[in-house]
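Note sheet for the following structure.
There are 2 protein chains.
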Amino acid sequence: MEIWFSELHTDNVKLSVRIDRQIFSGASEYQRIDVFESEEFGKFIALDGAIVFSEKDEFIYDEMVTHVPMAVHPDVKDVLIIGGGDGGVAKELLRYPGIRSIDLVETDRLFVKVCKEIFPRLSAGLKDERVRVYYDDGLRFLRSKCEVYDLIINDSTDPFGYTEGLFTKEFYGSCYKALRKDGIMVYQHGSPFYSEDEMACRSMHRKAYRSFPISRVYQAHIPTCASGYWLFGFASKKYHPVTDFKPEKWNRLEIDTKYYTTNLHMGAFMLPRYVEALLEEEEERI
Amino acid sequence: MEIWFSELHTDNVKLSVRIDRQIFSGASEYQRIDVFESEEFGKFIALDGAIVFSEKDEFIYDEMVTHVPMAVHPDVKDVLIIGGGDGGVAKELLRYPGIRSIDLVETDRLFVKVCKEIFPRLSAGLKDERVRVYYDDGLRFLRSKCEVYDLIINDSTDPFGYTEGLFTKEFYGSCYKALRKDGIMVYQHGSPFYSEDEMACRSMHRKAYRSFPISRVYQAHIPTCASGYWLFGFASKKYHPVTDFKPEKWNRLEIDTKYYTTNLHMGAFMLPRYVEALLEEEEERI
Numbered sequence: 001m002e003i004w005f006s007e008l009h010t011d012n013v014k015l016s017v018r019i020d021r022q023i024f025s026g027a028s029e030y031q032r033i034d035v036f037e038s039e040e041f042g043k044f045i046a047l048d049g050a051i052v053f054s055e056k057d058e059f060i061y062d063e064m065v066t067h068v069p070m071a072v073h074p075d076v077k078d079v080l081i082i083g084g085g086d087g088g089v090a091k092e093l094l095r096y097p098g099i100r101s102i103d104l105v106e107t108d109r110l111f112v113k114v115c116k117e118i119f120p121r122l123s124a125g126l127k128d129e130r131v132r133v134y135y136d137d138g139l140r141f142l143r144s145k146c147e148v149y150d151l152i153i154n155d156s157t158d159p160f161g162y163t164e165g166l167f168t169k170e171f172y173g174s175c176y177k178a179l180r181k182d183g184i185m186v187y188q189h190g191s192p193f194y195s196e197d198e199m200a201c202r203s204m205h206r207k208a209y210r211s212f213p214i215s216r217v218y219q220a221h222i223p224t225c226a227s228g229y230w231l232f233g234f235a236s237k238k239y240h241p242v243t244d245f246k247p248e249k250w251n252r253l254e255i256d257t258k259y260y261t262t263n264l265h266m267g268a269f270m271l272p273r274y275v276e277a278l279l280e281e282e283e284e285r286i
Numbered sequence: 001m002e003i004w005f006s007e008l009h010t011d012n013v014k015l016s017v018r019i020d021r022q023i024f025s026g027a028s029e030y031q032r033i034d035v036f037e038s039e040e041f042g043k044f045i046a047l048d049g050a051i052v053f054s055e056k057d058e059f060i061y062d063e064m065v066t067h068v069p070m071a072v073h074p075d076v077k078d079v080l081i082i083g084g085g086d087g088g089v090a091k092e093l094l095r096y097p098g099i100r101s102i103d104l105v106e107t108d109r110l111f112v113k114v115c116k117e118i119f120p121r122l123s124a125g126l127k128d129e130r131v132r133v134y135y136d137d138g139l140r141f142l143r144s145k146c147e148v149y150d151l152i153i154n155d156s157t158d159p160f161g162y163t164e165g166l167f168t169k170e171f172y173g174s175c176y177k178a179l180r181k182d183g184i185m186v187y188q189h190g191s192p193f194y195s196e197d198e199m200a201c202r203s204m205h206r207k208a209y210r211s212f213p214i215s216r217v218y219q220a221h222i223p224t225c226a227s228g229y230w231l232f233g234f235a236s237k238k239y240h241p242v243t244d245f246k247p248e249k250w251n252r253l254e255i256d257t258k259y260y261t262t263n264l265h266m267g268a269f270m271l272p273r274y275v276e277a278l279l280e281e282e283e284e285r286i
């Protein structure tokens, strides 16, 4: 018997993973949630049919959204994670002794419950006394916040469906307001390779570039993402991700990683020409 | 009607591309050759079922094996391409006015013939008077050569089947001998992500590291490759790919690219921690 999970990365390309069995299938009021066990990626979770993370490659995503801003900002104390109900990003953040509080706003209670049961290593972070989980809409939660966070990590999935509000101009403006005077926001920037993803990628850069004085894009290789290539946005009020980056200080923390290094930090901002070109085109429109 | 081409990247992961139609199917004495037309990747060619290149992403591979060594070596005149019968690498090389001769050794005449008919833009380079095509086994061709090339690009496919000889210790030794005193060799290093590819990757690094005084690995994102992530080896007698790199000189050539930039050149050598770790492990074994 063969069972294959397939995800359409575009209408014309799909990635398939052979699975041993389906561990969970259910639906919340927001989305369908499925968890599978596989030889190649270990356990992985799909929301509305799209892989959100797998045991084998979550380290890439979780490390890249956490360590890049943490190695730039000199003193992060209070963090907001939007989405991230699996706990993976919180787990990475909690490795820093300077972290005072993490607010995590997740819309879907069932997603958190399923992750707690099936991915306890990731979810362990949510139990830490520095972490407060709010079940709310990210944009609504943000509206009342003013200069209270040093770092916001937007770990929500896609600019479609119920998370759509997290990719609007208002959202970037609300993040700006919620950040302290030297705050940083990091967000998923999608994949630039396939034409249908390129449009979302352009639109995100326009909004962040308009809202923040510093707006740069960095990259990582994530096998389960569309084309294996993923971008992240680094939007900042004061610190530049490369010129204000302090590698020696970060290295002294002796945080053990599998993907991030201070060398890779620099390299992650060195983008292919076709990506630079599409970002520059959007900057020129403003 | 739907037609899907699928390639197993491991026994447990496959990438599928929706195709409009099959343009060619045939077999030489070495391999099965298929060409397809697709919406997402344009025309693409598969050898024994594995995608070798597509119209939409060949620029990444062809630019990365060419411009990286060309921006390091100060005076490349004579080049050997092993494999590369599609002409893509020759096409990139011919953009440099300093190139005097390109020897291209391809085993499979049918592969060259098919590429000439179906991918004339890539194959155009093979008609240039500076290019000589030899139909021979790469290793056999190399054995008689001594200090005659400035650059060798090993563009052959996989360390399996009839190209297996191009991944042996003898092969790296023969390349060393065929290169001038300051010569550079660039080769495909495979993908490090999936366990079954990791072994081939380790073995290649061991051989190159033993054979050349300088041996570094660099990376690119190629959507049709296993996990979308591909490594290249840079083995060199004299020049270091980062410390001897001359970005200003390369930029003055004003070569228009879609992937390579002199910034990206630096970033391509900044590898994820798990890749650094596996390369270092092999270096320590020697």
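So the protein sequences, as listed, match chains A and B. If you're matching positions, the first sequence starts at 1 in full-length UniProt numbering and goes up one per residue. If you're matching positions, the second sequence starts at 1 in full-length UniProt numbering and goes up one per residue. Built from N, CA and C at the ideal position, the CB exists for glycine as well.
Neighbouring residues, chain E, relative to residue i (Cβ below 7 Å)
i, result
"B:T10", "Among the protein chains in the structure shown, which are A and B, there is no chain E."
Residue i, enclosing beta strand (DSSP E) - first and last residue
i, result
"A:F24", "13–27"
"B:L47", "42–47"
"A:L80", "78–83"
"A:E37", "32–38"
"A:I51", "50–54"
"A:L94", "From DSSP, A:L94 is part of no beta strand (DSSP E); its letter is neither H nor E."
"B:E7", "4–10"
Nearest-angstrom beta carbon gap, residue j and residue i [assumed within contact, 8 Å]
i, j, result
"B:Y134", "B:L104", "7 Å"
"A:E223", "A:D57", "Looking at the sequence itself, residue 223 of chain A is Pro, so the reference to Glu does not match. Yes, they are in contact, since the Cβ atoms of A:P223 and A:D57 sit about 5 Å apart, within 8 Å."
"B:D155", "B:V65", "7 Å"
"A:Y149", "A:D78", "5 Å"
"A:T10", "B:E40", "6 Å"
"B:L279", "B:E198", "Incorrect: roughly 11 Å between the Cβ atoms, too far for contact."
"B:A178", "B:L142", "5 Å"
"A:K258", "B:Y274", "5 Å"
"B:R206", "B:I99", "That pair is no contact at about 32 Å."
"B:I214", "B:L110", "Not quite, the Cβ-Cβ distance comes to about 37 Å (not below 8 Å), so this is no contact."
"B:I153", "B:V186", "5 Å"
"B:L15", "A:L15", "6 Å"
Backbone CA spacing between residue i and residue j [nearest angstrom]
i, j, result
"A:Y30", "B:I23", "44 Å"
"B:C175", "B:S203", "17 Å"
"B:A208", "B:H73", "18 Å"
"B:V68", "B:P241", "8 Å"
"B:A268", "A:A220", "12 Å"
"A:G228", "B:S227", "6 Å"
"A:E196", "A:L231", "15 Å"
"A:E37", "B:V112", "43 Å"
"B:P97", "B:D137", "29 Å"
"B:A71", "A:E7", "39 Å"
"B:L93", "B:M270", "25 Å"
"B:E254", "A:S191", "28 Å"
"B:S25", "B:I45", "10 Å"
"A:I3", "B:C225", "23 Å"
"A:A90", "A:V35", "21 Å"
"A:V17", "A:E129", "37 Å"
"A:S101", "A:F119", "23 Å"
"B:C201", "B:G49", "21 Å"
"A:C146", "A:V76", "16 Å"
"A:R95", "A:R252", "13 Å"
"residue 318 of chain B", "B:K169", "Coverage of chain B is limited to positions 1 through 286, which leaves residue 318 of chain B absent and any answer about it impossible."
"B:Q188", "A:M266", "24 Å"
"B:F193", "B:V217", "14 Å"
"A:P272", "A:E283", "17 Å"
Limits of the alpha helix (DSSP H) - the one that residue i falls within
i, result
"A:I60", "58–70"
"A:E106", "Not the alpha helix (DSSP H): A:E106 falls in the beta strand (DSSP E), residues 101–106."
"B:F119", "Premise fails: B:F119 is in no alpha helix (DSSP H) and is neither H nor E."
"B:E284", "273–284"
"A:G173", "169–178"
**Item:** Validate contact between the stretch 260–271 of chain B and the stretch 242–252 of chain B using beta carbons, cut 8 Å, 3 pairs
**Value:** These segments touch.
**Item:** Length-filtered (4 minimum) alpha helix (DSSP H) runs lying within the stretch 188–212 of chain B
**Value:** For the stretch 188–212 of chain B, whole alpha helix (DSSP H) runs of length 4 or above, ordered along the chain, are 195–211.
**Request:** Identify every run of the beta strand (DSSP E) within the stretch 208–270 of chain A, keeping only runs that are complete inside it and at least 3 residues long; order them along the chain.
**Result:** Listed in chain order, the complete beta strand (DSSP E) runs (minimum 3 residues) inside the stretch 208–270 of chain A are 214–221, 229–236.
**Given 8 Å, three or more beta-carbon pairs between the stretch 114–126 of chain A and the stretch 80–87 of chain A** = By the Cβ rule, the stretch 114–126 of chain A counts as touching the stretch 80–87 of chain A, because three or more pairs are nearer than 8 Å.
**Message:** Within 8 Å, do at least three Cβ pairs link the stretch 236–243 of chain B to the stretch 37–54 of chain B?
**Reply:** No, the stretch 37–54 of chain B is not in contact with the stretch 236–243 of chain B.
**Request:** Tell me the start and end of each unbroken alpha helix (DSSP H) in the stretch 126–159 of chain B that is at least 4 residues and wholly inside, in chain order.
**Result:** Listed in chain order, they are 138–143.
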